[in-house]
Amino acid sequence: MSNTIFAFGLGIGTKNKEGSLLEVFYPSPTLGAEKSTLDALLESTNYEGGNNTIELDEGDLNRLHMNLLKAGNIEQAELASRLKATVQPVILCVLTVDEAPSNPAEVYLKLQLISHRKVQPHNTVLDGMFGLLINTAWTSEGPIDVRELADRQLSARMEGRTIEVFSVDKFPKMLNFVVPTGIRVGDAARIRLGAHLGEGTTVMHEGFVNFNAGTLGTSMVEGRISAGVVVGNGSDLGGGCSTMGTLSGGGNIVIGVGEKCLIGANAGIGIGLGDRCTVESGLYITAGSKVAVLDENNQVVSTVKARDLSGQSDLLFRRNSETGAVECKTNKTAIALNEALHAHN
Numbered sequence: 000m001s002n003t004i005f006a007f008g009l010g011i012g013t014k015n016k017e018g019s020l021l022e023v024f025y026p027s028p029t030l031g032a033e034k035s036t037l038d039a040l041l042e043s044t045n046y047e048g049g050n051n052t053i054e055l056d057e058g059d060l061n062r063l064h065m066n067l068l069k070a071g072n073i074e075q076a077e078l079a080s081r082l083k084a085t086v087q088p089v090i091l092c093v094l095t096v097d098e099a100p101s102n103p104a105e106v107y108l109k110l111q112l113i114s115h116r117k118v119q120p121h122n123t124v125l126d127g128m129f130g131l132l133i134n135t136a137w138t139s140e141g142p143i144d145v146r147e148l149a150d151r152q153l154s155a156r157m158e159g160r161t162i163e164v165f166s167v168d169k170f171p172k173m174l175n176f177v178v179p180t181g182i183r184v185g186d187a188a189r190i191r192l193g194a195h196l197g198e199g200t201t202v203m204h205e206g207f208v209n210f211n212a213g214t215l216g217t218s219m220v221e222g223r224i225s226a227g228v229v230v231g232n233g234s235d236l237g238g239g240c241s242t243m244g245t246l247s248g249g250g251n252i253v254i255g256v257g258e259k260c261l262i263g264a265n266a267g268i269g270i271g272l273g274d275r276c277t278v279e280s281g282l283y284i285t286a287g288s289k290v291a292v293l294d295e296n297n298q299v300v301s302t303v304k305a306r307d308l309s310g311q312s313d314l315l316f317r318r319n320s321e322t323g324a325v326e327c328k329t330n331k332t333a334i335a336l337n338e339a340l341h342a343h344n
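For the sequence shown, counting from 1, position 325 maps to 324 in numbering that gives the first Met the number 0; every step adds exactly one.
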């Protein structure tokens with residue numbers, strides 16, 4: 000049995016009528032742990048090692064509280080004590096190794112590790128996660144299995160209440176689970192759980208950030224960060240711009256954005272950008288786009304496919320206003336962000 004822990008979480012779960020987990024909220028998921036914490040989990044509960052998810056009762060939580068205190072893990076000990084008051088299922092999810100999740104509790108633990116900035120996108124295994132999650136109505140009365148929604152709505156109406164449905168999705172809003180420090184978000188519905196928002200990021204009302212994707216630092220996001228796309232510190236995404244999801248449309252190209260880049264309004268990329276790159280407003284670059292490479296005198300020195308430029312730094316992509324040709328030239332002017340836009344209260 001492994002003597003280490005990749006991650007673990009104590010959380011509050013929601014089940015459907017069949018007893019299957021819809022979701023788990025982990026107030027303070029933990030990445031890594033001392034052997035003493037693992038021993039406390041083994042001694043206090045029915046956990047027997049390996050990647051496992053179990054439901055805890057009050058006795059488990061009492062023992063866990065005391066043993067975690069002895070192990071010096073004060074934060075998790077206090078959480079175990081506090082969770083004794085809940086009427087919802089208390090879930091312990093332990094991952095000794097980082098491998099494909101096997102149940103919803105493991106999926107939610109990994110997504111929350113990303114949103115808590117404990118793990119960056121692409122740094123935990125999420126293979127097969129979609130098949131493990133139940134399609135859920137996210138409502139004013141919490142998550143409801145969509146197959147049970149009509150009955151719950153009728154019961155609520157009969158009691159003089161109305162259940163408001165915010166979305167029907169396998170993913171909830173990130174901000175209902177975690178609000179990282181130093182961010183601003185115009186519309187919470189546009190940030191899915193599992194997004195990674197770096198300190199200093201602002202997502203405007205039309206911005207969107209998918210799971211296992213996001214920003215690593217200060218960024219102004221008015222466009223779409225698709226699944227798997229990571230945006231480096233100091234880069235901005237203009238209004239209505241688009242990033243293709245990782246590995247979509249670009250063959251084996253990993254699509255990401257380096258530091259101090261600007262993707263203009265209504266532009267888009269199907270290739271990766273290095274640092275200090277600019278894509279002109281309205282220009283969509285796919286991996287197969289033919290690009291005329293210009294020298295310092297704006298003379299064409301070669302014509303390549305955009306995928307050949309993927310990941311390179313200091314490039315300016317533009318469209319020739321006379322010929323319509325896509326052009327690329329060296330861009331030595333780093334993008335200076337407006338500090339006032341990134342100020343946080």
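Every residue gets a Cβ at the ideal spot worked out from N, C-alpha and C, and that includes glycine.
Residue i and residue j closer than 8 Å at C-beta
{"i": "Leu-30", "j": "Leu-112", "result": "yes"}
{"i": "Thr-200", "j": "Ile-162", "result": "no"}
{"i": "Leu-108", "j": "Gly-8", "result": "yes"}
{"i": "Val-23", "j": "Ala-104", "result": "yes"}
{"i": "Ala-194", "j": "Asn-209", "result": "yes"}
{"i": "Thr-135", "j": "Asp-168", "result": "yes"}
{"i": "Ile-90", "j": "Gly-10", "result": "yes"}
{"i": "Arg-275", "j": "Ser-312", "result": "yes"}
{"i": "Gly-141", "j": "Thr-13", "result": "yes"}
{"i": "Leu-213", "j": "Cys-240", "result": "Contrary to the premise, residue 213 reads as Gly rather than Leu in this sequence. No; because the gap between Cβ atoms is not below 8 Å, this pair is not in contact."}
Beta-carbon separation (whole angstroms), residue i vs residue j, contact threshold 8 Å
{"i": "Arg-189", "j": "Gly-206", "result": "6 Å"}
{"i": "Asn-297", "j": "Lys-328", "result": "7 Å"}
{"i": "Gly-238", "j": "Thr-217", "result": "With 8 Å as the limit, Gly-238 and Thr-217 do not qualify as a contact, their Cβ atoms being about 18 Å apart."}
{"i": "Val-228", "j": "Thr-242", "result": "4 Å"}
{"i": "Ala-39", "j": "Leu-63", "result": "7 Å"}
{"i": "Ala-291", "j": "Glu-326", "result": "5 Å"}
{"i": "Met-203", "j": "Val-220", "result": "7 Å"}
{"i": "Thr-277", "j": "Lys-289", "result": "Contact doesn't hold; Cβ gap of about 19 Å is too wide."}
{"i": "Lys-83", "j": "Glu-57", "result": "5 Å"}
C-alpha gap between residue i and residue j, whole angstroms
{"i": "Lys-16", "j": "Leu-110", "result": "24 Å"}
{"i": "Val-256", "j": "Ile-133", "result": "32 Å"}
{"i": "Asp-235", "j": "Ile-262", "result": "6 Å"}
{"i": "Ala-305", "j": "Arg-81", "result": "55 Å"}
{"i": "Leu-148", "j": "Ser-225", "result": "29 Å"}
{"i": "Val-93", "j": "Pro-100", "result": "11 Å"}
{"i": "Gly-159", "j": "Ile-143", "result": "19 Å"}
{"i": "Leu-430", "j": "Thr-85", "result": "Here the chain covers residues 0 to 344 and nothing more, so residue 430 does not appear."}
{"i": "Asp-126", "j": "Glu-321", "result": "47 Å"}
{"i": "Asn-348", "j": "Asp-97", "result": "Residue 348 cannot be examined here, being either before or after the span of the chain that is shown, 0 to 344."}
{"i": "Tyr-46", "j": "Asn-66", "result": "14 Å"}
{"i": "His-115", "j": "Met-157", "result": "40 Å"}
{"i": "Asp-307", "j": "Tyr-283", "result": "16 Å"}
{"i": "Thr-3", "j": "Thr-36", "result": "9 Å"}
{"i": "Lys-34", "j": "Tyr-25", "result": "21 Å"}
{"i": "Phe-170", "j": "Ala-264", "result": "28 Å"}
{"i": "Ile-268", "j": "Gly-323", "result": "17 Å"}
{"i": "Leu-21", "j": "Arg-146", "result": "12 Å"}
{"i": "Lys-117", "j": "Leu-314", "result": "32 Å"}
{"i": "Gly-48", "j": "Thr-95", "result": "8 Å"}
For residue i: DSSP bridge partner residues
{"i": "Gly-10", "result": "Ile-90"}
{"i": "Val-167", "result": "Ala-136"}
{"i": "Phe-24", "result": "Ile-11"}
{"i": "Thr-329", "result": "Leu-314"}
{"i": "Pro-142", "result": "Trp-137"}
{"i": "Asp-235", "result": "Met-219 and Leu-261"}
{"i": "Ile-190", "result": "Val-208"}
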